[in-house]
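Residue numbers (our numbering): 668 to 896.
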């Protein structure tokens with residue numbers, strides 16, 4: 668068995684639009700969201716024999732701000748007044764569990780320089796969206812838990828001792844919906860089991876589920892520290 672555990676920070680830049688039974692609101696122009704830096708964590712567990720390996724990841728994500736829209740807009744069952752300030756919060760915490768296998772022939776053929784992983788990832792999104800317009804006493808919110816199955820592909824290249832270049836892809840596309848999560852990482856072994864890493868992460872989500880219609884993207888650099896046994 669083997670174990671890799673890491674914690675890090677990700678600078679999340681939000682873009683796109685979201686609606687709940689009504690008008691699309693721009694995360695940047697209407698809700699006035701900017702970059703947020705959040706802590707995340709992950710763990711990979713290598714299992715023996717034919718038991719699938721396990722990859723766990725937790726990614727907190729929350730944005731809030733004070734904005735306005737130049738026309739009346741509907742959110743849920745409420746209609747909010749245009750050109751009147753409102754506050755909002757969007758939470759999109761997501762939790763991943765992946766079951767995967769390494770492809771042993773790839774590692775053998777490349778003398779351990781390349782490792783490829785293939786599996787199934789289950790992502791659970793804890794969604795909460797809230798809008799409040801104090802001057803008009805209007806408030807509406809939406810809570811939803813969305814389980815999303817995704818394909819998982821991973822690759823690690825070890826060009827020199829102590830350095831590895833890694834890529835991870837999680838994704839699904841169905842009907843007019845899609846969800847892609849791409850991670851690139853450079854990892855450097857410090858001493859013993861300890862390592863540091865830095866990379867870039869990009870998420871592209873287009874979903875229409877449970878009365879929530881979203882076409883949004885999150886991207887930005889990250890850094891992490893961890894141990895691998």
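Quick reminder that beta carbons are idealized off the backbone N, C-alpha and C, glycines included.
{"Item": "Strictly by DSSP, which residues pair up with residue 737?", "Value": "Bridge partners of residue 737: none, in fact."}
{"Item": "To the nearest angstrom, report how far apart residue 800 and residue 743 are at their CA atoms.", "Value": "14 Å"}
{"Item": "Leaving out five residues on either side along the sequence, give the residues of the same chain with a beta carbon under 6 Å from the beta carbon of residue 808.", "Value": "797"}
{"Item": "Residue range of the beta strand (DSSP E) that residue 826 falls in?", "Value": "805 to 827"}
{"Item": "Measuring CB atoms only, is the stretch 770 to 788 touching the stretch 748 to 755, in the sense that at least three cross pairs come out at less than 8 Å?", "Value": "no"}
{"Item": "Hey, quick one: how far does the alpha helix (DSSP H) through residue 772 stretch, first residue to last?", "Value": "771 to 776"}
{"Item": "What separation, rounded to the nearest whole angstrom, lies between the Cα atoms of residue 671 and residue 708?", "Value": "11 Å"}
{"Item": "According to the Cβ coordinates, are residue 791 and residue 814 closer than 7 Å?", "Value": "yes"}
{"Item": "Cutting at 8 Å between CB atoms, please list the residues of its own chain near residue 826, excluding the five before and the five after it.", "Value": "780, 832"}
{"Item": "How would you call residue 668, buried or exposed, if buried means at least 16 neighbouring beta carbons within 10 angstroms?", "Value": "exposed"}
{"Item": "Under 7 Å Cβ to Cβ from residue 816, same chain only, skipping five residues before and after it: list those, please.", "Value": "787, 789, 839"}
{"Item": "Alpha carbon to alpha carbon, how far is residue 842 from residue 794?", "Value": "21 Å"}
{"Item": "Classify residue 801 as helix, strand or coil using the three-state DSSP reduction.", "Value": "helix"}
{"Item": "Which stretch, first to last residue, makes up the beta strand (DSSP E) that contains residue 855?", "Value": "844 to 858"}
{"Item": "On the criterion of 16 or more Cβ atoms from any shown chain inside 10 Å, does residue 739 qualify as buried, or is it exposed?", "Value": "exposed"}
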